[in-house]
Structures are given as structure tokens and as C-alpha cells.
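>
Structural data, given as C-alpha cells:
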């Protein structure tokens with residue numbers, strides 16, 4: 002649908018803006034709420050893991066300290082040298098005391114190496130408390146009560162304790178060890194975890210192991226209390242990745258999945274395997290993946306000392322259910338609010354934009370030239386009143402502006418006419434009739450000057466006196482009218498000075514003294530003055546900071562190239578400071594061409610701002626066959642090369658070229 006009315010477009014744009022703002026606000030609030038809830042859920046999960054983990058680690062730490070104390074006592078008793086019966090009795094009391102006075106320990110054994118007592122092959126006093134959650138009855142034949150605690154000898158032919166992990170591993174490594182949860186067959190007959198410490202006699206001789214058992218039911222209680230939400234599921238995973246305590250079922254090692262690897266296989270998701278790796282590596286982890294189409298947020302935390310991990314599974318939908326309800330309510334309220342806003346916007350905009358139509362009619366009348374067109378009446382003191390005042394102001398200023406345009410156009414036309422006259426005058430004071438000396442056969446020359454503006458600062462001149470060609474080329478600093486005035490003055494002074502002097506250096510010195518004396522504008526002129534003896538071909542010249550001329554030989558001499566720059570001694574331009582100029586000399590042969598130019602030639606720019614350059618000038622001059630052409634043909638060849646190089650790029654400098662061809666009597670043209 003095309004909307005051609007300004008009012009309708011305004012309604013559309015305002016409505017879209019409001020919709021975008023409200024939708025964006027709703028999206029921001031929704032995303033922020035989700036992020037905040039996610040942060041809170043993650044914090045709660047982490048906090049629950051940390052609290053439970055710390056409690057579990059405190060229990061384990063207390064057990065470890067107790068075992069170390071019991072180990073020290075056992076080593077002391079075994080070192081004492083008393084009779085074996087007395088030591089055995091003390092060790093029974095020690096294990097019973099350990100179990101009775103530590104609420105976290107449900108069993109303890111001092112397992113000695115065979116024949117530690119010569120009269121006893123296996124002696125391992127074990128004291129324990131029955132697991133309240135276990136229905137197993139104690140049927141051991143040698144169970145006795147020691148200080149009210151069940152005690153028996155754990156080692157027997159039927160119960161080989163030396164091959165069990167809690168004993169054999171400590172014996173092999175000599176290190177303290179927490180076992181993974183296991184069922185204590187032949188001992189307390191319930192699920193437990195065991196902490197083992199080696200007994201060593203003087204000299205480091207291994208003598209046995211002291212252990213303390215923790216009932217898995219005590220860890221069960223901690224894991225059941227870990228989840229901050231009832232929908233969350235928590236697990237205790239042992240060092241082999243097996244799930245030993247869980248809240249989703251009381252069954253151990255017989256549930257839907259028994260290990261984290263089985264869980265990852267069921268999920269079949271890369272993130273699930275990343276969780277397995279974090280559990281194996283014993284590091285904290287937080288991630289999200291699906292199990293059978295249901296998304297879970299998973300937290301893991303390692304338990305110090307043991308290689309175990311606590312794990313929480315938080316169902317995504319259950320965690321964010323309140324957020325989903327809030328988002329649905331917000332969506333309904335937003336839609337209702339948008340409908341009300343659209344109605345209000347349409348009514349208000351229609352009423353407020355009605356004067357704009359009337360102003361449009363007035364504007365068309367003003368545009369047609371009726372600067373006194375009537376304007377709509379506005380009674381409200383608001384932007385519409387300001388717009389009406391602006392129209393009145395515009396009407397008055399349009400009248401005044403049209404008058405100013407008329408006057409300005411007349412002044413500009415007059416200035417352009419004056420500049421055009423100045424250009425014609427400047428071009429008129431330069432010699433511009435070619436060939437300039439048609440009666441002479443020993444000389445031909447051609448000059449070209451194109452100012453960057455209507456008038457410029459480049460100059461050239463020449464005349465013949467006493468069979469000598471006097472010529473000059475120069476470039477005044479700056480552009481426009483100031484440069485053209487100094488150019489005209491300098492050209493007149495050259496004629497005055499050159500008539501009375503025959504040395505190029507003296508001519509430049511005289512010009513420099515005159516210009517520098519009255520040069521308040523600090524302008525300067527680069528200038529090259531030459532005197533060519535037409536009878537001998539001897540060229541005497543002097544340069545005041547000007548570009549060196551190009552000499553094109555018709556006949557090559559030893560050690561000379563066909564095209565080369567005339568040697569020029571560098572001196573200051575005229576008009577700045579006193580300077581001693583030097584006259585230099587060269588010799589021209591028949592058909593030799595001398596090319597003089599200003600920097601507007603070599604510094605012509607193309608569209609990439611790259612300069613034409615002296616190297617290109619030499620190459621074009623060499624290829625042009627200048628000695629076989631007239632100076633005019635040669636100059637036109639150079640101008641064509643410059644136009645081809647620069648294209649339509651505007652140039653910022655005046656361009657002047659003076660070509661002199663020496664053709665003495667008898668030379669071959």
C-alpha cells in the first residue's frame with residue numbers, strides 16, 4: 002500500500018516508532034529478566050553446590066584428621082614393644098574409641114600386615130556402628146562389644162582384606178587414599194566410603210593401614226538437600242564417573258543410567274561429553290543440553306581430597322516457567338496498549354497537521370512569484386504560529402533577496418567584463434605574432450602562455466638588437482591580479498634594462514635591485530635571461546631560480562646526448578634579497594632547439610595528483626623529432642602530451658612555453 006499523504010506517513014512513522022520502541026522495550030525487559038533469572042538460577046545452583054560441597058569437605062577433613070591421629074597412636078603402640086596381647090587390646094579400644102567419639106565415622110579398622118604379631122597371622126581389629134538405614138543383621142562369629150561398639154577381627158581366610166582397594170592401594174603407593182563408595186562385604190555389611198592411611202614403623206617399614214568409614218546414607222542426606230528447586234535433580238559422582246548418590250531415585254547402580262558416560266550417551270550431545278570431561282578432570286562446569294527432548298542446565302563441582310563430583314540437573318522449563326507466564330502477560334498488555342496508542346496518534350496527528358495543507362497552497366503561490374500571497378490564520382501559540390511567522394519573514398526576505406540578486410548579477414557581469422579586458426591587455430603586452438621574424442632565415446621561435454585564472458603571473462619576451470636575440474621567461478609567485486601586475490611591471494623593466502646592458506647576469510641584478518627595493522608584498526619572480534648571438538650561435542644566459550631550459554641537439558657531439566638540460570647555476574629568484582648572478586655560456590648548432598618553460602609544464606597534474614615531471618618532458622621531446630619540426634609544431638606536440646596526461650583535471654599553475662630554433666645560414670632544415 003502506497004502512502005502519499007504526509008499525515009498518513011506521519012501516522013505510519015510515529016506508529017512504527019512507538020511499536021519498535023515498545024517491542025524493543027519488551028524484548029529488552031524480557032531478555033534482561035531471562036538473564037537475571039538465569040544469573041539467579043546459576044547463583045542458586047552454584048551456592049547450593051558450594052554449601053553442600055563445603056559441608057561434605059568438612060566431614061571428610063574431620064575424618065582425615067581423625068585417621069591421622071589414630072595412625073599416630075597405632076604407630077606409637079606398635080613401637081612400644083609391649084606384649085602382643087596388650088597391644089591387640091589397645092588397638093581394639095582405639096578403633097572402638099574412634100567410632101564412638103566421632104559422629105561422622107561409622108567404622109574403623111587397624112589392618113596389620115600378616116604376622117605383625119608372631120602368634121597371629123591376621124590381626125585387623127574393626128569397630129563399627131550399624132547403618133540405621135540398613136536391614137542387614139550382624140552375624141559375624143567373633144563380634145564383641147568394646148565400650149559399647151561392635152568390634153571384630155576383620156581379616157580371615159574368607160575375607161581377604163589385603164586384596165581390597167583401600168588396603169592394597171595404600172600399600173603400593175604409600176599415600177593416603179579415599180576410596181570410591183562400595184558395599185562392605187564381610188565388615189559392616191552396608192554402603193560406605195573409606196579413608197586409609199599407612200602405618201609405618203621406624204625406618205619407614207610398612208606395617209599396615211588405619212581406616213575410617215563413612216556411611217553413604219549420611220552423604221545421601223546432604224545430596225537430597227542440595228537442590229534449591231524441587232524439580233532439580235542432584236547426584237554424587239565417584240572418581241570413575243559412576244553415580245553413587247542421586248535424588249531422582251533411591252536405587253544405586255540400578256537406575257536408568259549408572260554413570261555420567263551413560264548419561265552423555267543417552268543425551269548424544271557434544272556439550273554432554275564436555276560435562277563428562279569436566280567431571281573426569283575435576284573442575285567446575287556449567288552448561289546446557291537436552292536429554293530425550295528435555296533441556297537441562299547442569300552444574301558440577303569437584304569435592305576436594307576424593308576425586309568425586311557433585312552434579313545438579315535443572316530442567317529448563319521448570320526453572321523458567323514463571324518467566325514464561327510473565328512474558329505472555331506482557332505480550333497481551335503490549336498489544337492492547339499499541340492499539341490504544343495507534344487510535345490516539347491518528348486522531349491527534351490529523352488535527353495538528355491540517356494547517357500544513359493550507360501552508361502548502363500559500364507556498365505554491367509564493368513560488369509562482371506572488372510574494373504577497375495570503376497565509377492561513379493560526380491562533381495557537383505553538384510551532385504552527387512560528388511557521389506562519391517564518392512564512393512572513395520569508396516573504397519579506399524574498400523580496401529583498403531578489404533585489405540583491407539583481408544588483409549582484411550586474412556587479413558580477415561588470416567584474417567579469419573587467420577581468421576579460423585585463424586578460425586581453427595582458428595577452429596584448431606579450432609578443433603573440435608568429436613567426437615573429439619572418440624575414441630572418443636563421444631563427445624561428447614560438448611561444449604559448451595559458452594562465453590558470455583570467456590573468457596570471459607567467460611572462461616571456463624577446464627582441465633582436467645588434468644581431469643578438471634577447472629573450473626572457475619568468476614565473477611570478479602567486480596567482481591572479483597581484484601576479485599579473487608584477488608580471489607587467491617586470492616585463493617593462495626587462496625591456497628598459499636589456500636595451501642598455503649586454504650581460505644576462507647584469508640584467509638580472511638590475512631587475513632584482515629594482516623589484517626588491519619596493520617589494521612590500523614579499524613576492525618574487527623566477528627568471529631566465531638569455532642572449533643568443535645569431536652570427537656565431539653562442540648563447541650567454543643567467544638564471545634566477547628558474548627551471549633549466551631543455552637543449553635539443555640536431556647533431557650529437559662527443560659525450561653529449563640528443564636531449565639534455567642546460568647547465569644552470571642555482572641562484573635566488575629576483576625580488577627577495579641582493580644576489581650575485583652568474584653568466585653562463587653554451588653553443589648552438591644548426592637546427593638546435595632551445596626549450597624554455599615554467600613549472601606549469603612539468604608540474605601539470607593528472608587525476609591521481611601525479612606530476613607530468615621533467616623525465617616525461619625529456620622523453621616526449623626526444624620522441625617528437627623537434628629538430629625536424631617548426632617550434633610551433635614542437636610546442637603543439639608538447640601541449641598534446643600534457644592534455645593527454647592531465648585529461649580534464651583542473652590545473653593550479655600558469656603554463657608558459659617558449660621554443661627557439663637556431664637555423665643559421667647554410668644549415669639543413
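Numbering (our numbering), first residue to last: 2 to 670. Ideal Cβ positions, reconstructed from N, Cα and C, are used throughout, including at glycine.
1. Which two residues bound the contiguous beta strand (DSSP E) that contains residue 530?
2. Which residue comes first and which comes last in the beta strand (DSSP E) that contains residue 288?
3. Helix, strand or coil, according to DSSP, for residue 572 in the structure here?
4. DSSP on residue 193, reduced to helix/strand/coil?
5. Would you mind giving the Cβ-Cβ distance between residue 524 and residue 479, rounded to the nearest angstrom? I have them listed as a contact below 8 Å.
6. What whole-angstrom Cβ distance do residue 578 and residue 517 have, given they're in contact under 8 Å?
7. Who are the Cβ neighbours of residue 547 in its own chain at under 6 Å, not counting the five residues just before and after it?
8. Alpha carbon to alpha carbon, how far is residue 251 from residue 78?
9. With a 10 Å radius around its C-beta and 16 neighbouring C-beta atoms as the bar for buried, classify residue 67 as buried or exposed.
10. Using a Cβ-Cβ cutoff of less than 6 Å, which residues in the same chain neighbour residue 184 once the five nearest sequence positions on both sides are dropped?
11. Let me check understanding here. Comparing Cα to Cα, which of 499, 111, 60 lies closest to residue 304?
12. What span of residues does the alpha helix (DSSP H) with residue 482 cover, start to end?
13. Inspect the beta-carbon positions of residue 622 and residue 551 and report whether they are closer than 7 Å.
14. From what residue to what residue does the beta strand (DSSP E) around residue 360 run?
15. Taking the CB atoms as reference points, tell me whether residue 8 and residue 354 lie closer together than 7 Å.
16. Below 8 Å on the Cβ atoms is my guess for residue 647 versus residue 594; work out the distance and round it to an integer in Å.
17. Assign residue 247 to buried or exposed, taking buried as 16 or more other Cβ atoms, counted over all protein chains shown, within 10 Å of its Cβ.
18. For the pair the segment 165–184 and the segment 204–213, tell me if three or more CB-CB distances fall below 8 Å.
19. Between which two residues does the alpha helix (DSSP H) carrying residue 545 extend?
20. For residue 302, name the three-state secondary structure that DSSP assigns.
21. Is the segment 356–368 touching the segment 35–42 in the sense that three or more CB pairs, one from each, lie closer than 8 Å?
22. Are residue 508 and residue 545 touching if we call contact CB-CB under 7 Å?
23. Could you tell me the distance, in whole angstroms, from the CA atom of residue 563 to the CA atom of residue 456?
24. Suppose the cutoff is 6 Å on Cβ atoms and the five residues either side in sequence are ignored; what does the same chain contact list for residue 19 look like?
25. For residue 603 and residue 662, what's the separation of their Cα atoms in angstroms?
26. Provide the residue span of the alpha helix (DSSP H) that contains residue 636, from first to last.
27. Could you pull the start and end residues of the alpha helix (DSSP H) that residue 505 belongs to?
28. Excluding five sequence neighbours on each side, which residues of the same chain lie with their C-beta closer than 6 Å to the C-beta of residue 487?
29. The alpha helix (DSSP H) that contains residue 171, what's its start and end?
30. Taking only three categories from DSSP, how would you classify residue 137?
31. Can you give me the start and stop residues for the beta strand (DSSP E) that residue 466 sits inside?
32. Mark residue 380 as exposed unless 16 or more other C-beta atoms lie within 10 angstroms of its C-beta, in which case mark it buried.
Quick answer:
1. 526–534
2. 286–292
3. coil
4. strand
5. 6 Å
6. 7 Å
7. 527, 528, 529
8. Annotation note: pLDDT 38 at residue 251 (below 50); position unreliable, coordinate value reported separately. If you take the alpha carbons of residue 251 and residue 78, they lie about 43 Å apart.
9. buried
10. 192
11. 60
12. 481–501
13. yes
14. That residue, residue 360, is in no beta strand (DSSP E); its alpha helix (DSSP H) goes 355–368.
15. yes
16. No, residue 647 and residue 594 are not in contact; Cβ-Cβ is about 23 Å, not under 8 Å.
17. buried
18. yes
19. Premise fails: residue 545 lies in the beta strand (DSSP E), 539–545, not in any alpha helix (DSSP H).
20. strand
21. no
22. no
23. 36 Å
24. 342
25. 21 Å
26. 632–647
27. 505–518
28. 477, 524
29. 166–174
30. Because the pLDDT of residue 137 is 44, which lies under 50, any placement of that residue in the model is unreliable, and the question is left without a value.
31. 459–466
32. exposed
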